[in-house]
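Q:
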Amino acid sequence: RFSKVPVEAMLSKAYARQRAALIDPRRAAASVDAGHLPAHGGDTTYLCVVDILGNMVSLIQSNFANFGSGVVPEGTGFALQSRGGLFTFDRSHANALEPRKRPLQTVIPGFMRRDHLSVGFGVMGGWNQPQAHVQFISNIVDHGLNIQAALEAPRFVKLTFSGTDVMLESRFPEDVRRDLEQKGHQIDLQGEFSNMVGGGQAVMHDARAGVNYGASDPRKDGAAIPEPIL
């Protein structure tokens, strides 16, 4: 087999409901579009580390498209990313091409700090990144979750720039989904832990207790790994 088949997603109740909703018992279906299943793989890698003193690194690398720019610096063995492709010749656009300028993009490794607590974090997933970051921060600041619970909490995302469509993980309560629909939102229901809403990692340093914490999102491959005790 040369391609990965998302068997779990195809057999999920949420996906079955999506497909069943296309059936109208009152009339024949002239055409039925293919389903939208989570894509495997990606072009973005995120990592964060913290040492015993609380020094942190929050790093994200994204090729943007396939092999990025296709340019490999001599002697390195890796391709440079192609985020420069977001520039435009439209002078009125925020990404208008200019000297010494970086394009507006979603490569945004994060830090936050309050009193004795410091957190390094990042969520991969294109236009999902800033939306997922806000939800992660809110889960900690507004709802008091630890960093692992904040990553695991159900997420939503809007991947379009107009309309009322929004993706929700199926773990959102039914009354929340119903309330959104009553307000005019078109719900695109995903699985319980969908990679359509991104995946992230996080570390936290508690300076008062002298303890470090790590967290890894179950939606993506990754792990929270402590430094070996020598």
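Residue 6 is where the sequence shown starts when you use the numbering used here, and the numbers rise one by one after that.
No residue lacks a Cβ here, since even glycine has one placed at the ideal position from N, Cα and C.
(1) Throw me the rounded Cβ distance for the Met77 and Phe83 pair, which I believe falls under 8 Å.
(2) Taking the straight line between their C-alpha atoms, what separation do you get for Asp95 and Ala101?
(3) Can you give the Cα-Cα distance for Gln23 and Ser175, rounded to whole angstroms?
(4) Measuring only from the beta carbon, is Ile230 closer than 7 Å to any heavy atom that is part of the ligand HEM?
(5) Determine the extent of the beta strand (DSSP E) in which Phe166 is found, giving its start and end residues.
(6) Could you spell out the range, first to last residue, of the beta strand (DSSP E) harbouring Asn151?
(7) Just the Cα atoms here: how many angstroms apart are Phe166 and Gln140?
(8) Indicate the three-state DSSP secondary structure (helix, strand or coil) for Gln86 in the structure shown.
(9) So what does DSSP say about Asp217, is it helix, strand or coil?
(10) Name, in chain order, the residues that DSSP records as bridge partners for Tyr51.
(11) Buried or exposed for Gly80, please, with buried defined as at least 16 other CB atoms from any protein chain shown within 10 angstroms of its CB.
(12) Check the C-beta distance from Val55 over to Val171 and give it rounded, since I have them as a contact under 8 Å.
(13) Is Leu156 buried or exposed, if buried means 16 or more other CB atoms sit within 10 Å of its CB?
(14) Can you confirm whether the region 209-218 touches the region 179-199 when touching is taken to mean that 3 or more C-beta pairs between the two stretches lie within less than 8 Å?
(15) Verify whether the separation of the beta carbon atoms of Gly125 and Ser221 is less than 8 Å.
(16) Measuring alpha carbon to alpha carbon, tell me which of Arg105, Asn151, Asn133 and Asp184 ends up nearest Tyr218.
(17) Please report the distance separating the alpha-carbon of Ile145 from that of Ala158.
(18) Is Val162 closer than 8 Å to Asn133 when the C-beta atoms are compared?
(19) Just tell me which of Cys53, Leu16 and Gly115 has its CA closest to the CA of His138.
(20) To the nearest angstrom, how far is it from the Cα of Ala21 to the Cα of Gly131?
(21) What do you get for Lys225, buried or exposed, if any count of 16 or more other CB atoms within 10 angstroms of its CB means buried?
(22) Quick one: is Asn60 buried, meaning 16 or more other Cβ sit within 10 Å of its Cβ, or exposed?
(23) If you drop the 5 nearest sequence neighbours on each side, which residues of the same chain put their C-beta closer than 8 Å to that of Ala35?
A: Working from what's here:
(1) Looking at the sequence provided, one finds Val at residue 77 rather than Met. Contact holds; Cβ gap of about 7 Å.
(2) 6 Å
(3) 12 Å
(4) The ligand HEM is absent from the structure shown, which contains no ligand whatsoever.
(5) Premise fails: Phe166 is in no beta strand (DSSP E) and is neither H nor E.
(6) That residue, Asn151, is in no beta strand (DSSP E); it is neither H nor E in DSSP.
(7) 19 Å
(8) coil
(9) Correcting the residue type first, residue 217 is Asn in the shown sequence and not Asp. Strand, per DSSP.
(10) Ile65
(11) Exposed, by the Cβ-count rule.
(12) The pair is not a contact, with the Cβ atoms about 34 Å apart (cut-off 8 Å).
(13) buried
(14) They do not touch, by the three-pair rule.
(15) no
(16) Tyr218 has its Cα closest to that of Asn151, out of Arg105, Asn151, Asn133 and Asp184.
(17) 11 Å
(18) yes
(19) It is Gly115.
(20) 26 Å
(21) Lys225 is buried by the Cβ-count criterion.
(22) exposed
(23) Excluding residues within five positions, none has a Cβ falling inside 8 Å.
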